[in-house]
Structure formats: C-alpha cells, structure tokens
Amino acid sequence: MNRTSVFQAVSATVSLGSILLRGWVRTRRDAKEVTFLEINDGSCLKNVQVVVDHAVADKRFKDVNTGASVEIRGEHVASPAAGQSWEVRAERVVLIGMADQETYPLQKKRHSDEFLRTIAHLRPRTNKYGAMARIRSEAAFAVHDFFRGRGFWHLHAPILTGSDCEGAGEMFRVTSLSPEHRPKPGADVHAEDFFGKQANLTVSGQLEAELFACALGQVYTFGPTFRAENSNTPRHAAEFWMIEPEFTFGDLAEDMQLAEDLTKAMVRQVMEHRADDLELFGKFVDKTLLGDLETLLARPFARISYAQAIDILEDSKRDFEFQVLFGSDLQTEHERFLAEEHFKQPVIVHDYPRTIKPFYMRLNDDGETVAAMDLLVPRVGELVGGSQREERLNILSDRMDEQGLNKDAYWWYLDTRRFGSAPHAGFGMGFERFLMMITGATNIRDVIPFPRTPGHLEF
RNA sequence: UCCCUGGUAGCUCAAUCGGCAGAGCGGGUGGCUGUUAACCACUAGGUUGGCGGUUCAAGUCCGUCCCGGGGAGCCA
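Mapping the first sequence onto this note's numbering, position 391 (from 1) lands on 510, and the numbers just tick up by one.
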C-alpha cells in the first residue's frame, strides 16, 4: 500500500478511501471512546486529524503522544466536526518511535525564537520552522527556474580557493595539517600543506563567474559563501548562501533590471506555491508582511543615483547619528531611511564614488564614480550589491595598483581583458537576506537551518 | 570588537525598600468530554547563570567571568 501524504489527505476533493499515513504526532486529545491525533509529516503546514477508536488501540497506544512517530492505516472520510473537512478513521495505529513527555522539549504551545535556536535539531518540527524550511526550498527553486528561463547557465564555482585577496572580507583558512604540525625551520608554512599554498574558503564566486560569463554569455552561481568576520548582528552569518549572476554584453541598467526581476520572480513564486506557509508569517510574525509583498510586486523599484541619495538624506533634515557626507559610504541608518521611510519600497542606489568601491567596478566617464548599484529593501537593508565590471585592461590595471593589489595573483582574471574582453555586469544577492525580507524574520539565525556565527558551531 | 540590556521551575515571566522564591503553560495522576491552543481537580518540580565580596540577612547591592537579546562597525 502506498503512503499518502498529509498534504494529499487534507487537500483531497473526494475521499481517498483506505490509506496509509506516516508522520509525527503534534497533539493528542483524549475523549471517552476515541482519541484525536493531529499528524504532521512535513508535506505541508496543516495536520491531519486521526480518530482512534479505543477498540483498535493496542498496549503501546498510551505512548502515542506529542513528538512520537507513527504509522496509521485507516479510512479517509469527511469530518463530521468543524475545523477540518477530512479526517482519518484509524483501523490500525503503530507506534514507531516514542517521545518521552518529560524530556521532549517541544510543547503544545508557542516557544520563543531564542529558545528554539538552542534546539535547532528539533525546531523544524514546529509550524513556523517547518514553514520556513519549505519557503527556503521553494525560493531556491525559484532562483534556478528564473535563470533557466532567461538562458543563464548554472555554474558551480569552487568552494576552496587559493586567492588570499578575493575581497576585503576575512577568510577562513583551510588546512589538512594537524594543529601540532611544525614546518621545517625556514620552510614556507604552506609548502607542506595539501595544496602547497595557502587555501581558503570562498568569500564570493564572482571572479570565477566572470570567467565563465566571458565564454558562456550568461551564468549564475548559487552556493555557500564564507566570511570569517567577527560580526555579531542579526543580519550576518559566517556561512551563508549567495546568488551571483554574471552576463556579458550588458550594462548597469540591465544589471539593475535583472536584480529587480529576480527579486520579484522569487517573491511571486513563493506567494503562489507556499501561500499557507507564507500566511503563517503574515499572521504571527509581521502583520504588514503580505501587503508589503503585494506592493513590492506592483510597482517598479525606485532608482536613484548616489548623488541624489545624498540630496534626499540632506533634505530630510534628519538628525542622523552619522553625518551625511558626499564621498563616504551610506550608513545602515541612511539605507533604512531611504527604503523604509522615504520610498517605503525597494530602492536601487547607483553610481557610487570610486573611492568607496572595489577595483573591479567599471569607471564612469566622469572619472569620479563607478557603475555600482545596491538594492535596498525595507526590513533588511542591502539585499543586492552589484556593478558593471571594468572590461578595459589599462583602467582595471590602474585601479588594482591604486588599491594596492598584487596583479600577479590575478593573471587569470586579467587574461579575460587581454583576450576578447567584453562589457559585462553582475551582482550578488544574499539568499538569507531575501528570506528575511519575505518572511519578516528579524534574525538571520532563524532563516538558515543551522546558523554558523562567531563562537557557534553547534549541530 | 565597542555600546546598551537581560539571565529566577522544562517554557514564558512575577517577586515593592535588601527580609519566608511565586504564577500561567508544559509534565505526572485522576475525572469529564466527537475533541481541535480541549476542559476540571490534585501533584511533583529551584545551587535564582558561575565564582568572589558587602551585610544580622542577597534573586535584589558591588566586582569578575560565561551566556542570550538589541544597536554600531564590516558587509550579502
């Protein structure tokens, strides 16, 4: 007999007849002659109610309690009571794994996010974190779906990297040597290591994506990214997932449009396919969430230059903690003001001063700004950061000197500008930041299954 | 890393001026009931984060360390 999912059982339009269910007991309510079980198997947010006549209960039935796993055979019938349209009249209930009620940490009540973080191995069994996991899965699928539809190829960028200067961020070092290993006197510390040189975990797949974009036209990476920054905020994790498209023969305007289209496609797909799960967040996490998502889809994102952003901030007459100053980077409070108060919707800020942006961003004709863009959204701040890349060898080379980079280490990167160089652009989207935006979660530790942050490597 | 704020029962929290450590939920037992955050009664459950200090007396005051949360920096 094939197993029926809870989703199939609760969303049926006609009776499914005799079925087999497997799942976990969420609650148990005892009545005089029958017991009501709510069964969830992760296939959807809803539980299915199972009615167990005490005549069919065996000796182990007393242990069929919250948290236990069970197998149930029974008849799928219309429910006579309010609250659910279908229920299962059990013919046989088998306890597969019991859960001791005195020590099982999940109760039939609301738990704080802080507490659930300490039991991250069990929190996916709650409504909220189950919904989060399904939304995360759907959003990831939306990414692939979107790019596939636009002719982008999915590129698996390497996780291990030999460049020690990929970006400004601190990197995790990778070694196969034991902590006790001591190199021979005078020898290079990395010479005896696995790769014969220093190895790190990637902080971005961008440079590799650029190489492939200059061959396949348009590509994207979607994988884990690692930053060893000692940042303790609700928006940073040491391991997170990033989406990085890169396309040739395009400019910054197309880059901004791509970021907007991707964001909207992901929101739309989650709203369509995980409506129940999303509704839970609209109900219990943030009441304005669903309305804000509708607004996000309905209007084009605002677009302003960095110079205009400075003007808006100055005209606001706000008493910012950090002074608004042309030439310095926007502070968190500035970004939040723009997205949450001034525009009240996503806003793209473009053409930043060259001095505050990395070497690979394309120098504009004014010689002072670069073709960079940041997508700022309410609730999370910077969701996307991108740019048109500098494709002119001499200018790129000058900018690398300007920022004190060792050009020898980037010989392969510079080769793309030597041989058939082409204008290209791309961006990075923080996947967890997207999930915070779409669920209203205020802490990144709650949108990733097992968060890695400074001092935390549990589970 | 810096600043702010917390840590009391399994969970969420209360405890006045320094004066006998409590409630709700959850657990256990019993009752009632086609129930649905079920309901009613009884019951168990504490090194008040750790260490040190002040005091007749510390959950409460002081020092220090650990941990949580928020803000900042860095960024996605």
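In this text, a Cβ means the ideal position worked out from N, Cα and C, and glycines have one as well.
Coarse secondary structure for MET519, derived from DSSP in three states: helix
Coil, strand or helix - HIS469 by DSSP: strand
Option nearest PHE462 by Cα separation, candidates PHE420, LYS303, GLU521 and VAL189: PHE420
Runs of alpha helix (DSSP H) wholly within the segment 494-546 (minimum 4 residues, chain order): 512-521 and 530-537
Does GLU152 come out as helix, strand or coil in the three-state DSSP assignment? coil
Identity of the residue in ALA332, SER130 and TRP143 nearest GLY579 by Cα: Only positions 120 to 578 of the chain appear in the structure, and residue 579 is not among them; the question remains open.
Quick check: the Cα distance between ILE429 and LEU409, rounded to an integer number of angstroms? 31 Å
Three-state secondary structure (DSSP) of ARG422: strand
Closer than 8 Å is the cut-off here; do at least three beta carbon pairs connect the segment 534-551 with the segment 501-516? yes
Go ahead and pull the three-state DSSP assignment for VAL386. helix
So, for ASP395: in the same chain, excluding its five sequence neighbours on each side, which residues have a beta-carbon less than 6 Å away from its beta-carbon? LEU164
What's the gap between the Cα of GLU289 and the Cα of THR344? 12 Å
Leaving out the 5 sequence neighbours to the left and right, which residues in its chain are closer than 8 Å to ARG141 when beta-carbon positions are compared? ARG122, ASP160, SER188, VAL189, GLU190, ILE191 and ILE215
Pick helix, strand or coil for LEU279, following the three-state DSSP scheme. strand
Cβ pair PHE260, TYR339 closer than 8 Å: no
Which same chain residues, not among the five before or five after ARG236, have their C-beta less than 8 Å away from its C-beta? ARG242, ARG564, ASP565 and PRO570
Could you tell me whether the Cβ atoms of GLY268 and TYR223 are closer together than 8 Å? no
Beta-carbon within less than 6 Å of PHE265's beta-carbon, same chain only, minus the 5 sequence neighbours each way: which residues are those? LEU381 and ALA384
I need the boundaries of the beta strand (DSSP E) containing ILE362, first residue and last residue. 358-367
If we call anything under 8 Å between Cβ atoms a contact, is HIS543 one with GLY369? yes
Alpha carbon to alpha carbon, how far is VAL489 from ARG393? 39 Å
If GLU210 and PRO277 are in contact, beta carbons under 8 Å, what's the gap, nearest whole angstrom? The pair is not a contact, with the Cβ atoms about 54 Å apart (cut-off 8 Å).
Whole angstroms is fine: what's the gap from THR474's alpha carbon to GLU454's? 19 Å
Residue ranges of each alpha helix (DSSP H) within the segment 269-355, 4 or longer: 325-335
Determine which residues share a DSSP beta bridge with LEU214 and list them. VAL189
Helix, strand or coil: which one does DSSP assign to GLY136? strand
Within this structure, are the beta carbons of VAL213 and GLY193 separated by less than 8 Å? no
According to DSSP, which residues form a beta bridge with LEU482? VAL489
Given a cut-off of 8 Å, decide if LEU482 and ILE514 are closer than it, judged by their beta-carbon atoms. yes
What number of angstroms, rounded off, separates the C-alpha of SER424 from the C-alpha of VAL468? 5 Å
Quick one: grab the DSSP three-state call for THR414. helix
Residue span of the alpha helix (DSSP H) that contains ASP395, given as start and end: 394-403
Paired residues, beta bridge with ALA209 - DSSP: GLY193
For a quick check, are the C-beta atoms of ALA334 and PHE366 less than 8 Å apart? no
Which residue wins for smallest C-alpha separation from GLU373, given the options SER134, THR245 and GLY545? GLY545
N-terminal and C-terminal residue of the alpha helix (DSSP H) that GLN127 is part of: 125-129
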